[in-house]
Structures are given as structure tokens and as C-alpha cells.
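J.:
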Ligand code: SF4
Ligand code: SF4
Ligand code: F3S
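Residue numbers (this note's numbering): 29 to 406.
#1: Would you identify the three-state DSSP class for residue 317, choosing helix, strand or coil?
#2: Would you list the one or two residues that DSSP bridges to residue 241?
#3: Closest to residue 196 by CA distance: which of 218, 372, 401 is it?
#4: Could you tell me the distance, in whole angstroms, from the CA atom of residue 177 to the CA atom of residue 400?
#5: What separation, rounded to the nearest whole angstrom, lies between the Cα atoms of residue 227 and residue 396?
#6: Give a yes or no on whether the C-beta atoms belonging to residue 374 and residue 206 are separated by under 9 Å.
#7: DSSP on residue 379, reduced to helix/strand/coil?
#8: What do you reckon, is the C-beta of residue 263 under 8 Å from a heavy atom of ligand 3?
#9: At 4 residues or longer, what runs of the alpha helix (DSSP H) sit wholly inside the region 173-233?
#10: Can you tell me whether DSSP reads residue 92 as helix, strand or coil?
#11: Can you give the Cα-Cα distance for residue 13 and residue 170, rounded to whole angstroms?
#12: Here's a check: name, in chain order, each residue in its chain whose Cβ is nearer than 8 Å to the Cβ of residue 235, leaving out the five neighbours to either side.
#13: Start and end of the alpha helix (DSSP H) containing residue 30?
#14: The beta strand (DSSP E) with residue 55 in it runs from where to where?
#15: How many whole angstroms separate the CB atoms of residue 419 and residue 281, which I take to be in contact at a CB cut-off of 8 Å?
#16: Against chain D, with Cβ distances strictly below 9 Å, would residue 105 count as a contact?
#17: For the region 159-168 and the region 48-57, state whether three or more C-beta atom pairs, one from each stretch, are separated by less than 8 Å.
#18: For residue 117, which three-state DSSP category applies?
#19: Among all the DSSP beta bridges, which residues are the ones paired with residue 268?
#20: Can you give me the C-alpha to C-alpha distance between residue 180 and residue 229, rounded to a whole angstrom?
#21: Could you check whether residue 122 and residue 325 sit closer than 9 Å to each other, using their CB atoms as the reference points?
#22: Entirely within the region 345-371 and at least 3 residues each: give me those beta strand (DSSP E) ranges in chain order.
#23: Residue 348: which of 372, 393, 323 sits nearest, CA to CA?
#24: Indicate, with yes or no, if ligand 2 has a heavy atom lying under 8 Å from the CB of residue 68.
#25: What does a CB cutoff of less than 7 Å around residue 215 pick up in its chain, not counting 5 residues either side in sequence?
#26: Use the C-beta contact count for residue 290: other C-beta atoms within 10 angstroms, 16 or more gives buried, fewer gives exposed.
#27: Looking only at its chain, what residues have a beta carbon closer than 7 Å to the beta carbon of residue 355, apart from the 5 residues adjacent to it on each side?
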């Protein structure tokens, strides 16, 4: 075992390989507050990558409703139950990771989902926590009745549990972008990777008898384009790019700004210890204790940072949020002035500019000029 540094845990930890941190790291940010669970991303990914025989239950991207949804069924509760202790002191994790919780003879603590676990991708969809009396209304945040949508892809982890567990060394992490791939020629279908990934984002192809996973749309990333699940997103909730470590963070880089500077985006279950590279802006309507068990001790601060956009106190972050979904190209640098947000490519060429605030037009019910009434059809 090597000692590696996991910045999300605020400490060093054991990992079976020497530090595998790549030259640059692909990352994605999801704004859970804007997702409508239309599953366009899910279908866009499926039509691109997993439409073949043996891939019927392969959802490299899925969107599940929290607190009751999970795909495969119960993935989060079962993976969390492998960790004996999950305590944090301030922002340092004192508990055990999936590597540290491994029993004798195991590389990673894990469990293998059954075919029943893979059978119900929509379990718990739109089910809220709590009840509300008929005629009552919600007037404060957080309120008793809540749910939210969690968008899930492979996290292209800095310390991938799937990679660590494969006895064939069939999984590798690319140095040029940190994307984690399964070598389809080397894989022999041992499924140790599936048992080891705490997020359950490796999926067995029942036809080819080898494992597959989200490929981070690497052919697009290589050409400076964002992923299919990002560019097809109806709610414009996603942005992908490259993330630096906290020590090397550049606030003009959108990913660094969201994760390290404004700290408005947090990792999913950092306590697993894999240092995931997909980050979430947590839902502002959910209880803080639920968010903290899910996104770690920085969750409350992330919600506060998001609220500063709503109150108009952070126009720079607001401008960046307006750049979500505004271009198919990867934004390497952005800037915001009073009224406009600008996104630039790797060579500093302007890709896109958008207004920080969308103009609002109020249409009167009675149009005096045309001497007519308008009907509100929405
Ligand atoms: Fe591997 Fe799972 Fe991390 Fe993806 S999320 S890199 S499959 S451990
Ligand atoms: Fe699918 Fe590409 Fe999104 Fe991965 S990044 S879930 S391969 S669309
Ligand atoms: Fe290795 Fe997983 Fe294939 S453990 S052999 S990559 S099924």
C-alpha cells in the first residue's frame, strides 16, 4: 500500500498504487437545484454508448430521486454500511475509506449487486420525504416535504476503487485527462471492479461477458467538446472541464472556481476515499444533516454560497451559472463583468458570451395598443 494525499478527506490515506494523479483531470459539476429529472442525459448517453445487446440495464448516466431512489437498488446504503466509522473533525475525515475498511485478503471493501438490484432504475422516482395536509402550502426553506434529483455518472476518481481491485490490471486511468477506462481486450469478466466501486458505476455486459463503464465521452473531450450528457441537458445544469488540486487552483478556470474558490460544489460521499471528480451544488430545500452525510462537511457552506446568487450578492457566480449549457465547447477560462459572462477556449479564443441576467418582459393581460386581451395558456 502507498500513502497518497486525498484533499477531499484533508489527510493522507492508503491506496494500493503509487500516486496516480494525472497531468490534468476531467471533472463535471451538476447543479441539483435546476434538474427536472427529464432523463434526457440518460437517453443521450444510452443512444451514444449502450444501445447494444447485453446493455439493456446499462445506464452509465442515471438520475435518481433522493432520498428514496437508488440505482442499483440500495447502492448508497450498502456501500456506506461497509465503512465502520464515518466521523469528520471539521474538514478532516477521521473514519475509514473503502480501502482502509478492506478485510484480510481484500484490496477494497465491496459488494456485488444482484440482477434484482439492476432491475429497477426508476425506483423511488419523485417520491418525497414527509407529508403535507391538503390545502397547506410551503413558505420556508428548508421545508418538511422535500426530494431532489441526483445525476450520476462514473466519477473518474483520482483513486479509483475499480482500478485498484482488478486482478487483471484491465482498468487504467489516462494521464492526459484522468478518464478511467476498462480495457475491453484485457478484461476477463472477474467483476471485482463492480464489487469494489462504491458508487456501482461499473456494469457487466451480459452478452460480451466483460465489464463496461462511462467513458467520459473521451472522443469528445479529446476534441475540446463537452460530454453528451452535458450538451443535451435540458435544464442546463451541467458543466464539464478540468479541475486542479486546491494548491494549484486557478479561479478563472470554471471548475476550480466552483469547487475551490466559491466552494459551491461538493463531492458525493467523499468518505469512500476515491476522491471523485464529479461535484454537486446541493439542493437548497433539503435538510442540512441529510446533505452533510451525503456531500461531507462542506455541504452547508455550498448551500450558503448558492443562496448568495439568489440574493444577488454573487454576480460572478451567477454569470458562470449562465454559461452552463451555453456552448458545446469546454470553457477553460471565464470572466464576468456587470452585465455579461464570457467563456474562452484553451487558446484564449472567445467561445460564448451571455447576459448575466435574462431580460424579463411582462405582457399585460389587456393590450391597449391592439385593443385585445391576451389569454394565459401556461
Ligand atoms: Fe471507478 Fe467507480 Fe470511481 Fe468510476 S466511480 S472511477 S467506476 S471507482
Ligand atoms: Fe455517458 Fe458520456 Fe455522460 Fe459518461 S460522460 S455518462 S459516457 S454521456
Ligand atoms: Fe478486471 Fe473487472 Fe474485468 S475486475 S477482469 S475489469 S470485470
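Glycine included, C-beta positions come from ideal geometry on N, C-alpha and C.
Remember, predicted model here, so these are calculated numbers, not experimental data.
T.: Based on what the coordinates show:
#1: helix
#2: Beta-bridge annotation (DSSP): residue 241 is paired with 230.
#3: 218
#4: Computed Cα separation, rounded: 42 Å.
#5: 59 Å
#6: No, Cβ-Cβ distance for residue 374 and residue 206 is not below 9 Å.
#7: When secondary structure is reduced to three states using DSSP, residue 379 falls in the strand class.
#8: Every heavy atom of ligand 3 is 8 Å or more from the Cβ of residue 263, so no.
#9: 189-193, 220-224
#10: strand
#11: Only positions 29 to 406 of the chain appear in the structure, and residue 13 is not among them; the question remains open.
#12: Residues 80, 81, 82, 83 of the same chain have their beta carbon placed closer than 8 Å to that of residue 235, with the five preceding and five following residues left out of the count.
#13: Residue 30 -> not in any alpha helix (DSSP H); beta strand (DSSP E) instead, spanning 30-34.
#14: 53-59
#15: For the chain, the structure presents residues 29 to 406; residue 419 sits outside this window and is missing.
#16: Given the protein chain composition of this structure (a single chain), no chain D is represented.
#17: no
#18: Reduced to three states, the DSSP call for residue 117 is strand.
#19: Partner(s): 56.
#20: 9 Å
#21: no
#22: Whole beta strand (DSSP E) segments, 3+ residues: 361-364.
#23: 372
#24: no
#25: 196, 198, 238, 239
#26: buried
#27: Short of 7 Å from the beta carbon of residue 355, and not among the five residues preceding or following it, lie these beta carbons of its own chain, in chain order: 371, 379, 380.
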